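For the sequence shown, the numbering used here assigns the number 42 to the initial residue and increments by one for each residue that follows. Every residue gets a Cβ at the ideal spot worked out from N, C-alpha and C, and that includes glycine. For clarity, every value in this text was computed on a predicted model and none was experimentally measured. Data first, discussion second: the structure below is written as structure tokens.
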Amino acid sequence: MNKRTLLVFMTVFFTSFYNSFAESYATTTELLDQAQQSIKEAFEAGCPQITPYEYYKAEAYYKLAKEEASLLNLEAGQAAAENSISWSLKAIMKRYDKDIIKRHKD
């Protein structure tokens with residue numbers, strides 16, 4: 042499986058997974074779990090080194106989501122968790138885009 046196919050697969054998978062949560066009115070806990078999983082996958086993909094802005098923005102939103110949820114501000118916690126998921130996906134997509142561009146230059 043080449044990297045472009047992997048990128049397309051991951052994008053479709055994460056987008057559909059994210060949309061299923063958004064449409065089903067996920068609980069704050071579910072969104073926090075998904076945000077944590079998205080950050081873990083971005084970390085394992087090497088995003089902290091290759092796309093640090095997007096990765097650390099996702100981490101910052103996750104920390105904000107946990108803080109808001111702990112204060113029982115659930116709407117703000119859910120919004121921050123959704124932003125964390127979104128930025129994790131952006132980090133992963135940009136990471137694989139850079140690999141594709143680099144490969145084409147070589």
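Item, Value
"Euclidean distance between Cα positions of residue 117 and residue 129", "18 Å"
"Rounded separation between residue 121 and residue 91 - CA only", "23 Å"
"Assigned exposure category for residue 73 - 16 Cβ within 10 Å defines buried", "buried"
"Residues near residue 69 in its chain [Cβ-Cβ closer than 6 Å; skip 5 each side]", "110, 115, 118, 119"
"Distance CB(residue 76)-CB(residue 103) smaller than 8 Å", "yes"
"N-terminal and C-terminal residue of the alpha helix (DSSP H) that residue 70 is part of", "69–85"
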